[in-house]
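Undergrad: Pasting a structure below so you can have a look.
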Amino acid sequence: MSKGDNNEDLTIGERVRLARQRRGLSRRAVAELAGRTEEWLRQIETGERPVQRIDTLQLLARVLKVRDISELTGSLFVMTKDGSRPQHGRLAAVRRALRPHLSDTTTPSPDLAALRRSIQHADTAWLVSRQQITALGLVLPELLSAAIAAQQSATGQQRREALRLLVEVYRLTDNYLRHAGDRQLAAQVCDRMLLAAQEADDPELISLSAYKVAAAAQNNDEPEEALTLAMDAVKLFRPWLTSGDHEALALWGSLHLCASTSAARLRRGAEADRLWSIADEAAKALGPNYHHPATIFGQLNCGIHAVDIALETGRSSDAVERSANLNVSAVPSASRRARHFIDLARAFYHRRDRAAAVGALLTAERQSTEVVTFNQGARRLMYDLLRAKRPEPEVLALAGRMRVIA
């Protein structure tokens, strides 16, 4: 099979060329619409100019009328050496960008305004793309290098702003790593995030970072540690609630949600429900349409966590019932929607409702093809589904897309 015969082997440049040809446009026409030169587009299509910026991908997607930049990026992943699970193809580059390195004091300080715009582009791609892991993996090495260089070279008030931006880049890096196959490194990044937030002396970012540290412990199967970290942070930031700030209340609620799901994983159902109720009260105070931009905290996310708590405490029927009235499509994060439907699929499977489990897993894939591929809960469920004597054609097809089977 030649390279071009397999759509997943296509480079970004080849995907751009095919999208252009499908629309019947010449290179010159697309270049003019993009406000660039024909030579610039030629270099992208041939691979001479690698595309490593989200705003470039978004520009091309707009011009080519592509709804999701994942149609231009594809999904980049490789299997681990033992073949047991996938790792993202940009993981090595992100790891390299995180290694300590000496700064070049002769290099001009990065443009902080431009860096913030790049972070915002990456943040949007993470929220809306169906292949958000790839979208972040493409740009994180450059973002990390720029943010670390800015923090090392900036002085005075600019240094504080550079630290804030570094915190945001670390937040995105954690999002990438915990999905892409290195949760241990994700936990280390969260520690760095907290240190940078403390140095910036920014209460909101300190609270957000504390939440991320607790969530990282939970992601690494340390629910007792996660519960302790979350509740310690709650005590520390209680005085901040008097400000009446919505962000403060949302992060307060986020910490309680993290604590509640940690308690659920420890099979402490009553404690989990109590902590969830505190978070739910905070969400109701913020109104039905509020979503925290980083943690997605709000009434809908509380409802999703209620499903997770029921599932983790062995109440699969309750999990299904709790999900029935949730308008999950209103959740602004594609990855969060996908993880919810994975949990729902697990709940259906525990109830021996195989058809509903398969349907929920396929719905999860429609939210995010990559989250389903990399999520360990989804993969374990798929192995269970494949143990049937005659797995359904849609199960076999999904297993192939998830790289569970060849």
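The UniProt record's numbering puts the last residue of the sequence shown at 406; the count rises by one with no breaks. Think of the CB as a built atom: it goes at the ideal place given N, C-alpha and C, for glycine as much as any other residue. It should be emphasised that the depicted structure is a prediction, and the values quoted were computed from it without experimental measurement.
(1) Suppose contacts are defined by Cβ-Cβ distances below 9 Å. Is histidine 256 in contact with tryptophan 240 by that definition?
(2) Taking C-beta to C-beta, are aspartate 280 and cysteine 258 nearer than 9 Å?
(3) Exposed or buried, glutamine 132, counting other C-beta atoms within 10 Å across all chains shown (16 or more means buried)?
(4) Would you mind stating whether glutamine 218 and serine 209 have Cβ atoms separated by less than 9 Å?
(5) Please work out which residues of its chain come closer than 8 Å, Cβ to Cβ, to arginine 192, disregarding the five sequence neighbours upstream and downstream, and give them in chain order.
(6) Give me the Cα-Cα distance between glutamine 299 and leucine 229, rounded to the nearest whole angstrom.
(7) Report the partner residues of glutamine 157 according to the DSSP bridge assignment.
(8) From isoleucine 119 to lysine 389, what does the alpha carbon distance come to, in whole angstroms?
(9) Below 8 Å on the Cβ atoms is my contact criterion, and I expect valine 167 with alanine 200 to pass it. Report the Cβ-Cβ distance as a whole number of Å.
(10) Looking at C-beta atoms only, is the number of pairs between the region 361-373 and the region 331-347 that lie closer than 8 Å three or more?
(11) Leucine 398 to leucine 112, Cα distance in whole Å?
(12) Compare the C-alpha of arginine 36 against each of Glu394, Thr261, Leu60, Glu225 and name the closest.
(13) So which of Ala272, Ala248, Ala357 has the shortest CA-CA distance to proline 391?
(14) Below 7 Å CB to CB, which residues in the same chain sit around asparagine 6 once its five sequence neighbours on both sides are set aside?
(15) Just how far apart, CA to CA, sit tyrosine 290 and alanine 283?
(16) If we ignore side chains and look at the alpha-carbon of each, how far apart do histidine 246 and lysine 212 end up?
(17) Could you tell me whether the region 175-191 touches the region 144-163, where touching means 3 or more Cβ pairs closer than 8 Å?
(18) Alpha carbon to alpha carbon, how far is threonine 295 from arginine 315? Give it in angstroms, no decimals.
(19) With a Cβ-Cβ cutoff of 9 Å, do leucine 266 and glutamate 224 count as a contact?
(20) Near leucine 205, what residues of its chain come up, given a Cβ to Cβ distance below 7 Å and the 5 sequence neighbours on each side ignored?
(21) If you follow the alpha helix (DSSP H) that methionine 382 is in, where does it begin and where does it stop?
(22) Short check: CB of proline 236 to CB of phenylalanine 297, under 9 Å?
(23) Return helix, strand or coil for histidine 291, following the three-state DSSP convention.
(24) Would you please state the rounded distance, in angstroms, between the beta carbons of alanine 180 and histidine 88? I believe it to be under 8 Å.
(25) If the criterion is Cβ atoms closer than 9 Å, does the pair valine 94 and leucine 64 meet it?
(26) Taking the Cβ atom as the reference point for each residue, do alanine 216 and arginine 178 lie within a distance shorter than 9 Å?
(27) Please say whether aspartate 308 and threonine 363 have beta carbons closer to each other than 9 Å?
(28) Among the residues of its own chain, which have a CB less than 7 Å from the CB of glycine 13, if the five just before and after it don't count?
(29) From the DSSP output, in three-state form, read off proline 391 for me.
(30) At which residue ranges does the region 249-328 contain complete beta strand (DSSP E) runs of 3 or more residues, listed in the order of the chain?
(31) Which whole runs of the alpha helix (DSSP H) in the region 162-245 are 4 residues long or more, in chain order?
TA: In short, the structure shows the following:
(1) No; because the gap between Cβ atoms is not below 9 Å, this pair is not in contact.
(2) The answer is no: Cβ separation not under 9 Å.
(3) Burial is judged here by how many other beta carbons sit within 10 angstroms of a residue's own beta carbon; glutamine 132 has at least 16 and is buried.
(4) No, the Cβ-Cβ distance between glutamine 218 and serine 209 is not below 9 Å.
(5) Tyr170, listed in sequence order.
(6) The C-alpha of leucine 229 is placed about 23 Å away from the C-alpha of glutamine 299.
(7) Glutamine 157 is not bridged to any residue.
(8) When rounded, the distance between both Cα atoms is 48 Å.
(9) Contact between valine 167 and alanine 200 holds, with the beta-carbon distance rounding to 7 Å and staying under 8 Å.
(10) Yes, the region 361-373 is in contact with the region 331-347.
(11) Their Cα atoms are separated by approximately 43 Å.
(12) Ranking Glu394, Thr261, Leu60, Glu225 by Cα distance to arginine 36 puts Leu60 first.
(13) Ranking the options by Cα distance to proline 391, first place goes to Ala357.
(14) Bear in mind that the predicted position of asparagine 6 carries a pLDDT of just 42, short of 50, making it unreliable; the figure below should be weighed with that in mind. There are no such residues.
(15) The alpha-carbon of tyrosine 290 is positioned some 8 Å away from that of alanine 283.
(16) Straight through space, the alpha carbons of lysine 212 and histidine 246 are spaced by roughly 19 Å.
(17) The region 144-163 and the region 175-191 do not touch, with fewer than three beta-carbon pairs separated by less than 8 Å.
(18) Spanning the two alpha carbons is a distance of roughly 25 Å.
(19) Judged by their CB atoms, leucine 266 and glutamate 224 are nearer to each other than the 9 Å cut-off.
(20) Excluding positions up to five away in sequence, the list reads Arg164, Val167, Ala197.
(21) Per DSSP, methionine 382 belongs to the alpha helix (DSSP H) from 376-386.
(22) Residue identity check: residue 236 is leucine in the sequence provided, not proline. No, Cβ-Cβ distance for leucine 236 and phenylalanine 297 is not below 9 Å.
(23) Here histidine 291 sits in coil by DSSP.
(24) That belief holds up - the Cβ atoms of alanine 180 and histidine 88 are roughly 4 Å apart, short of 8 Å.
(25) Contact: no.
(26) Yes, the Cβ-Cβ distance between alanine 216 and arginine 178 is below 9 Å.
(27) No, the Cβ-Cβ distance between threonine 363 and aspartate 308 is not below 9 Å.
(28) Taking C-beta separations shorter than 7 Å and ignoring five residues to either side along the sequence, the partners of glycine 13 in its chain run Ile44, Glu45, Thr46, Gly47, following chain order.
(29) In the structure shown, the three-state DSSP call for proline 391 is coil.
(30) Unbroken beta strand (DSSP E) runs of no fewer than 3 residues, entirely contained in the region 249-328, are not found.
(31) Taking only runs of at least 4 residues, the alpha helix (DSSP H) segments lying wholly in the region 162-245 are 183-200, 203-219, 223-237.
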